[in-house]
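Right, one structure below, let's go through it.
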Amino acid sequence: MITDAAARPPLRAWGEAWRLLAAAGMGVLLWLITAAQLPVGAAGPRVDWLTTGDPLLALACLIALLWRRRFPVVITIAVILASTASVLAAGASLLALCSLATRRRPAETVVAAVLSVVTAVLIADLYPQRETPGPLWLLISLPTLMVGIVVAVGAAIGARREEVRSLRERVESAEREQAARAAEARIMERHRIAREMHDVLAHRVSLVAMQAGVLGHRPDLPADQVAELARGIADGSHQALEELRDVLGVLRAGPEGLEPPQPSLADLPALVADARALGLDVTLTTTIPGEPPDAIARTVYRVVQEGLTNAGKHAPGASVAVTVEGEAGDGVWATIRDSGAARTVEGPPASGFGLLGLSERVGLAGGELDHHAEPGGGFVLAARLPWPVREGSE
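Each step along the sequence shown adds one to the number in my numbering, with nothing skipped, and position 9 is 10.
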């Protein structure tokens, strides 16, 4: 059961005012009917009470209704009991009963409703009348009908308030979930951008840094080799800028923009050729019958790219063997093995996220990544990726 404070929205001044005015109007109507039923020339304490005490007691009841939400049961019972001595307070009594019924607590409502019917029967003999009151069943039926209508209206209002509160909570919950999904999407997008920037640019920038390191380490190089390395640095920097422009263009294009062509196994020879042109001793061996899925081929390319980048960074002068093999049904194996650094050259600073991002990429493709140093020197980067058999391929 929900709490009364949660189910009842706060009333504005105008909302409270028209409720009290309606209760006062109903009480005035009953008071006028009662006054019209007085015998001609009637006098005495009861008639004096009708003109003085009855209105004052009703006014006190209307003022007490201002606290009916804070003390619903106490105020309702007090107003109902007060209505036994004030016809004008009958409207306040019905408003208090309706307000109590909105709480949707049957025990409280039934007690107050029965008490309202009893007070309505008792007040019938409060003032003298020109005509004899009707039979008892009529005196009971009319108040019972009125009280039943008031209780039904109050219960309906309470149910509506609970429904509105429930809908509001659902909306707030949906907004919180949407905000959480948006935050998660932003985090995933940041990771995707970081991974894409690393995959596209780290390889190129690392090779440029390696060439610059050779120039700084070998001041005795002939002029033609210096010029060749300088051209390689310029070309590599230009290509890095072009690739950066492509990545930024995709990010600016948004979800509906076209992505640049993604690499595949057919681009491996060009990747190895670029590494050779920049001074790496690389051999490539591929035994892949057929075409694996695009996602698998693209992941293999990224594995080889990361392996060549790491070899250029951490193993200058080493010989690097790249092996890509596999077939449909067995999977694809990509292995990059270097023989270890042949010379000491200060390389570019490591980001520390290359292998971490690559491991995530391979894992998303359903594969496994392994990287370790060899006992006799050198480093091995190996990945195994699934290559399911397509239906109808046999």
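From the three backbone atoms N, C-alpha and C, an ideal C-beta is built for every residue, glycine too.
Exercise. For T310, which of P389, G54, F380 has the nearest alpha-carbon?
Worked result: Counting from 1 along the sequence shown, the entry for residue 310 is found at position 309. Nearest in C-alpha terms to T310, of all of P389, G54, F380, is F380.
For this session: State yes or no: is the C-beta of L96 within less than 9 Å of the C-beta of A23?
Result: Here residue 96 is taken as the residue at index 95 of the sequence shown, counted from 1. Here residue 23 is taken as the residue at index 22 of the sequence shown, counted from 1. Cβ distance < 9 Å, so L96 and A23 count as in contact.
Exercise. For A335, does the three-state DSSP call read helix, strand or coil?
Worked result: Looking up residue 335 in the sequence shown gives position 334. Assignment of A335 by DSSP, reduced to helix, strand and coil, places it in the strand class.
Exercise. Less than 9 Å separating the beta-carbons of V283 and V323?
Worked result: By 1-based counting over the sequence shown, the position of residue 283 is 282. By 1-based counting over the sequence shown, the position of residue 323 is 322. Between V283 and V323, the gap from beta carbon to beta carbon is short of 9 Å.
Exercise. T287 and L272: beta carbons closer than 9 Å?
Worked result: By one-based count along the sequence shown, residue 287 stands at place 286. By one-based count along the sequence shown, residue 272 stands at place 271. Going by C-beta atoms, T287 is not nearer than 9 Å to L272.
For this session: For E307, collect the residues of the same chain with a Cβ closer than 6 Å to its Cβ; drop the 5 residues on either side in sequence, then sort them by chain order.
Result: Residue 307 sits at position 306 when you count from the first residue of the sequence shown. Same-chain partners within the cutoff: G355, L359.
For this session: Check the DSSP bridge columns for G327 and list the partner residues they point to.
Result: Locating residue 327 in the sequence shown gives position 326, where the first residue counts as 1. In DSSP, G327 forms a bridge with V333.
Exercise. Would you call A181 buried or exposed, if buried means 16 or more other Cβ atoms sit within 10 Å of its Cβ?
Worked result: If you number the sequence shown from 1, residue 181 lands on position 180. Under this definition A181 is an exposed residue.
For this session: With distances taken Cα to Cα, identify the nearest neighbour of E132 among A37, L245, L357, D275.
Result: Sequence index remark: in the sequence shown, residue 132 carries index 131 (1-based). Out of A37, L245, L357, D275, A37 has the C-alpha closest to the C-alpha of E132.
For this session: Alpha carbon to alpha carbon, how far is G291 from E328? Give it in angstroms, no decimals.
Result: Taking the first residue of the sequence shown as position 1, residue 328 is located at position 327. Taking the first residue of the sequence shown as position 1, residue 291 is located at position 290. Using only the alpha carbons, I get a separation of about 8 Å.
Exercise. Closest to E109 by CA distance: which of T77, A91, D339 is it?
Worked result: As a position in the sequence shown, residue 109 is number 108, starting the count at 1. It is T77 whose Cα lies nearest to the Cα of E109.
Problem set entry | From A278, P264, E176, Q179, residue whose alpha carbon lies closest to that of Q226 | Working through the sequence shown from its first residue, we reach residue 226 at position 225. Looking at the Cα atoms, A278 is the closest of the given residues.
For this session: State the start and end residues of the unbroken beta strand (DSSP E) segment that holds T284.
Result: Indexing the sequence shown from 1 puts residue 284 at position 283. Its beta strand (DSSP E) spans residues 282 to 288.
For this session: Grab the span of the beta strand (DSSP E) containing L386 for me, first residue to last.
Result: Sequence index remark: in the sequence shown, residue 386 carries index 385 (1-based). Element bounds for L386: 380 to 386.
Problem set entry | At least three beta-carbon pairs within less than 8 Å, the region 115 to 126 to the region 171 to 180 | The region 115 to 126 is not in contact with the region 171 to 180.
Exercise. Taking the C-alpha atoms as reference points, what is the distance between P27 and R47?
Worked result: Here residue 27 is taken as the residue at index 26 of the sequence shown, counted from 1. Here residue 47 is taken as the residue at index 46 of the sequence shown, counted from 1. Here residue 27 turns out to be Met, not Pro, going by the sequence shown. Computed Cα separation, rounded: 21 Å.
For this session: Could you tell me the distance, in whole angstroms, from the CA atom of C99 to the CA atom of A156?
Result: Here residue 99 refers to the residue found at position 98 of the sequence shown. Here residue 156 refers to the residue found at position 155 of the sequence shown. Near 8 Å, if we compare the C-alpha coordinates of A156 and C99.
Problem set entry | Minimum C-alpha distance to L66 - residue among A18, G42, W388, P56 | Within the sequence shown, the letter at position 65 stands for residue 66. Out of A18, G42, W388, P56, A18 has the C-alpha closest to the C-alpha of L66.
Problem set entry | Coarse secondary structure for A108, derived from DSSP in three states | Taking the first residue of the sequence shown as position 1, residue 108 is located at position 107. A108: helix per DSSP, three-state reduction.
Problem set entry | CB of T103 within 9 Å of CB of R162, strictly | Working through the sequence shown from its first residue, we reach residue 103 at position 102. Working through the sequence shown from its first residue, we reach residue 162 at position 161. Their beta carbons are under 9 Å apart, which means T103 touches R162 by this criterion.
Problem set entry | Candidates L101, D49, T53: closest to W68 by CA position | The residue you call residue 68 lines up with position 67 of the sequence shown. Ranking the options by Cα distance to W68, first place goes to L101.
Problem set entry | Whole-number beta carbon distance between L281 and A312, since they are thought to touch under 8 Å | As a working note, residue 312 is residue 311 in the sequence shown. As a working note, residue 281 is residue 280 in the sequence shown. At roughly 7 Å, the Cβ-Cβ gap stays under 8 Å, so A312 and L281 are in contact.
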